[in-house]
Structure formats: C-alpha cells, structure tokens
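Participant: Per our numbering: the sequence shown = residues -16 to 296.
Sharing a structure here in structure tokens format.
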Amino acid sequence: MTDLLEIVSTSGAVYDCSHWGRLRLTGGDRLKFLHNQSSNNCLVLQPGQGADTVFLTSTARTLDLATLLVHQEWVDLLVSPQRREFLLKWFDKYIFFGDDVQVSDRTAESYCYRVFGGVAEKIAAQFGLEKLANPYDHVTVAHEGAPLTLVATSGLAIAGLTLWSDRPLSDLLNPYPPLSDADWEHLRIRQGRPAADAELTEAYNPLEARLGHTISFNKGCYIGQETIARLNTYQGVKQYLWGLELSAAVTPPTPLLLEGEKVGLLTSCTSLNGGAFGLGYVRTKLGGVGLTLHTPERVTAQVVEVPFLKSVA
C-alpha cells in the first residue's frame, strides 16, 4: 500500500480546514495585546510576516498553538477548532478599558485550506508567486473578486501553503486530491505536530511540547512568562514530546513503561502497515531517541525523532 505521507509530500493534496477557528484582531493595540497574551515576540512582526505562538495559563500550561498573520490593518489568527470559543472569551477577559483592540470571529464567513507538495507548487505558479522568503510569510492577491491570502506554511514539516479566503476555493482546488480529517490526524501524528486535547493540554507546557520556536525568552512579561523563564534557566523541563514507533496500535492515553515503572504517556496513535506510530511524553532523564519502552499491553514503543518538532526546535 502506498504511504499517504509519501503521496502528500510529493504529488500533493488539499486539506479543507475551514472548521478551524479564524479570529481577526483590529485596533491600534492589536499586536501589543497579542504580544502580552502569548509566548512569541509579536511586536517585531511586519505586515506580510507571521509566526506560531502559544496561549498559556498563568502557570504556563498550554491552551493552544496558533498561527498569527500580520496584515497592514489587522492580525489574523488560525486556532484549533475546539479552542475557538474559549479563546474568544479569553481575549475578552483581558481586553481592558482603554485598550484599542477589537476581536471578531471570521470562522463562519471565511475559508481555510492546507495544500501540500506538488499541489502547492502548481497553485504558487498559477498566481505567479516567487518563493516566499521565510516560513509564515504571506501575500494577499485577488481571486474571483475576493481576497486570497497565501501563507508559506502547510502546518506540517511538508512543503506547502495555507490558503485563507473570503470565498470557497472549490474552483481552484477541486482538481486536486482531498484529505479527510482522519488523513490530517494521521499526517500530523506522523509529522509530530502536537494537537489540542492530546499533546496540548493544561497538563503540559510548550517547552515540554518542544515548541521552542513559539517562545521569546527576552520579550518581557506575558501570561505564563515567569514559569517559562524559570524552567528554561534552571533546566527544569522534566519530560519531552517524542515520536513513538509502535509494534501495534493502542488507544491513547496509554502509560509508557520502563521495567514496569511509568515513565511517560502516549497521547496520540495512528495505524501503519505492520504496526503503528504515536506521540508521547517521556521523562527527560531517560534520554530520547533510541529508548525502548512498553505499554501495559506489552506493545513496544521506540522513541524516535519527528520532522515537525525537529524542524522547529
């Protein structure tokens, strides 16, 4: 059977992620607000640039991994579908009198797609785009009378684009193979992208999730900053997120054992020919790649690197 990851990485495909949350921030304090509410340095970003950032609790527990795109007059956020309503309420809680920030939910009136491999190359050529210089760089063009933003990230460590439009793009994307939600779940686990309610919960912080690319250590105060700084300064991260090559599929969450002792937790799993692949947290002191663990059912779990976390570390 041909491997889905190989197909998507080469000939390409399209994932309709229009059910993901899309929030828009306007007002003169929009970047300052995001800078103070999330882990990355938002103030250095110029129109046409973007970044991943993490929203945290006061104790640096992970609420969501979001992608922000800076435009001339607003900032767009792509957030996990199950975190959209929560973040809308979260933002409202921290917008104080005098703050020039307005937040609108654009999910119902816009569309979003991830395009991969050869499909992304064809779309870029169709719009005459030169290669965008950096990840998350983006341009907005006119397509069928509506703005279309093309972003230099597929959301995974696979070459591709994210498309954000005010109209459905069926005319543009119908010729290409579609991916289901189950396909995306398979790919994001194989690639190592952590997901809300699995690897990204209030049980973990972004350092444990190996999302170092989302964290600025010199930007000053933000929610959760003190805990993040302390963990980084004193090397206090007790567990890290890794890929796991499994001898069989298991149902997460499942304990990871070493000589009968629980040393981690498998948080996601997807089937493969002859086995399965998972993501899970493993105690730092045990090491990383090459470590062999087991589940209570005696399924073998070998710790391996994953492209997404390796590429952003």
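Backbone N, C-alpha and C fix where the C-beta goes; we use that ideal spot for every residue, glycine too.
Three Cβ pairs or more, each shorter than 8 angstroms: is that satisfied between the segment 2 to 15 and the segment 198 to 206?
Facilitator: No, the segment 2 to 15 does not touch the segment 198 to 206.
Participant: Could you have a look at Phe38 and say whether DSSP puts it in helix, strand or coil?
Facilitator: Note: Phe38 maps to strand in three-state DSSP.
Participant: List, from N- to C-terminal side, the beta strand (DSSP E) runs of 3 residues or more that fit wholly inside the segment 41 to 97.
Facilitator: Runs of the beta strand (DSSP E) inside the segment 41 to 97: 45 to 53, 58 to 62 and 85 to 88.
Participant: With which residues is Ala129 paired in a DSSP beta bridge?
Facilitator: Answer by DSSP bridge pairing, in chain order: His126.
Participant: When the Cα of Thr145 is compared with those of Arg176, Glu168 and Ala107, which residue comes out closest?
Facilitator: Answer by Cα proximity: Ala107.
Participant: On the DSSP bridge assignment, give the partners of Glu244 in chain order.
Facilitator: DSSP lists Leu241 as partners of Glu244.
Participant: Over what stretch of residues does the beta strand (DSSP E) that includes Thr275 continue unbroken?
Facilitator: Per DSSP, Thr275 belongs to the beta strand (DSSP E) from Thr275 to His277.
Participant: Could you give the DSSP three-state label for Pro290: helix, strand or coil?
Facilitator: Note: Pro290 maps to helix in three-state DSSP.
Participant: Tell me whether Ser254 is buried or exposed, calling it buried when 16 or more other Cβ atoms sit within 10 Å of its Cβ.
Facilitator: Exposed, since its Cβ has fewer than 16 Cβ neighbours within 10 Å.
Participant: Using the Cα positions of Leu240 and Lys268, report the straight-line distance between them to the nearest angstrom.
Facilitator: One C-alpha to the other measures close to 14 angstroms.
Participant: Return the residue from the list Asp149, Asp180, Gly100 and Pro236 that minimises the CA-CA distance to Phe69.
Facilitator: Phe69 has its Cα closest to that of Asp180, out of Asp149, Asp180, Gly100 and Pro236.
Participant: Check each candidate in Thr234, Lys105, Gly195 and Leu26 and name the one with the smallest Cα separation from Thr(-7).
Facilitator: Of the listed residues, the one whose Cα sits closest to Thr(-7) is Lys105.
Participant: Identify the residues that DSSP records as bridge partners of Ser21: which are they?
Facilitator: In the DSSP output, where bridge partners are listed per residue, Ser21 has Phe38.
Participant: Quickly, what does DSSP pair Arg266 with across the bridge? List them, please.
Facilitator: Partner(s): Gln222.
Participant: Got a sec? Which residues, its chain only, sit under 6 angstroms from Asn367 by beta carbon, not counting five neighbours each side?
Facilitator: A query on residue 367 cannot be resolved here, the shown segment of the chain reaching from -16 to 296 and no further.
Participant: Give the range of the alpha helix (DSSP H) segment to which Gly101 is assigned.
Facilitator: From DSSP, the alpha helix (DSSP H) with Gly101 extends over Gly100 to Gln109.
Participant: Taking the alpha helix (DSSP H) that Trp167 belongs to, which residues open and close that run?
Facilitator: Where Trp167 is concerned, the enclosing alpha helix (DSSP H) stretches over Asp164 to Gln174.
Participant: Who does Cys252 pair with in a DSSP beta bridge?
Facilitator: DSSP, once it has assigned bridges, lists Gly261 as partnering Cys252.
Participant: In the DSSP assignment, the beta strand (DSSP E) including Leu146 goes from what residue to what residue?
Facilitator: Element bounds for Leu146: Gly143 to Ser148.
Participant: According to DSSP, is Asp154 part of a helix, a strand, or is it coil?
Facilitator: Helix, per DSSP.
Participant: Less than 8 angstroms between the beta carbons of Leu51 and Cys25, yes or no?
Facilitator: Cβ distance < 8 angstroms, so Leu51 and Cys25 count as in contact.
Participant: Can you tell me where the beta strand (DSSP E) holding Val(-3) begins and where it ends?
Facilitator: Start and end: Val(-3) to Asp(-1).
Participant: Quick one: using the 10 Å Cβ neighbour count with 16 as the cut-off for buried, is Asn23 buried or exposed?
Facilitator: It is buried - the Cβ of Asn23 has at least 16 other Cβ atoms within 10 Å.
Participant: For the segment 62 to 79 against the segment 231 to 248, are there 3 or more C-beta pairs whose distance is under 8 angstroms?
Facilitator: No, because fewer than three Cβ pairs between the segment 62 to 79 and the segment 231 to 248 fall closer than 8 angstroms, the two stretches do not touch.
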